[in-house]
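Report on one structure; see the data block that follows.
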Amino acid sequence: MTGEELKWAFLHGVPVRIINKVAGTDFWCKELHEIVYGRDGHGGVRVSAVCITRAGPAPSLLRARSTDVIFAREGDAERCAMEISDIQSEAVS
Numbered sequence: 001m002t003g004e005e006l007k008w009a010f011l012h013g014v015p016v017r018i019i020n021k022v023a024g025t026d027f028w029c030k031e032l033h034e035i036v037y038g039r040d041g042h043g044g045v046r047v048s049a050v051c052i053t054r055a056g057p058a059p060s061l062l063r064a065r066s067t068d069v070i071f072a073r074e075g076d077a078e079r080c081a082m083e084i085s086d087i088q089s090e091a092v093s
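Counting in the numbering used here, the sequence shown runs from 1 upward without gaps.
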């Protein structure tokens with residue numbers, strides 16, 4: 001996801017999936033708990049997402065890179081894309 005998509009998912013409280021292909025994990029999260037912005041070491045901004053997961057016996061916080069986060073429902077991805085494009089077109093006009 002992009003930073004704008006993460007923000008939209010956070011504000012709308014929609015479920016997301018965190019897929020880490022390197023570790024081979026796939027977690028489903030009811031909603032994002034927070035969005036974290038930081039420096040990437042090269043002068044850019046790094047965005048990550050934090051959600052609460054119940055993968056084990058007790059809840060835990062899971063932090064993931066924005067590139068590892070996707071919408072859990074396809075309809076949410078479409079709504080997000082429409083709303084973001086509407087906002088961008090309003091800003092241009």
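Note that beta-carbon positions come from the ideal geometry of N, C-alpha and C, so glycine has one too.
Do residue i and residue j have their C-beta atoms closer together than 8 Å?
i	j	result
residue 31	residue 56	no
residue 62	residue 27	yes
residue 9	residue 16	yes
Terminal residues of the continuous alpha helix (DSSP H) containing residue i?
i	result
residue 12	3–12
Would you decide whether residue i is buried or exposed? Buried here means 16 or more other CB atoms lie within 10 Å of its CB.
i	result
residue 45	exposed
residue 69	buried
residue 1	buried
Rank the options by C-alpha distance to the C-alpha of residue i and give the top, closest one.
i	options	result
residue 65	71, 48, 54, 53	48
residue 4	21, 60, 35, 75	35
residue 67	18, 11, 8	18
residue 52	39, 37, 40, 33	33
Kindly identify the DSSP beta-bridge partner or partners of residue i.
i	result
residue 26	19
residue 48	36, 65
residue 85	Beta-bridge pairing links residue 85 to no other residue.
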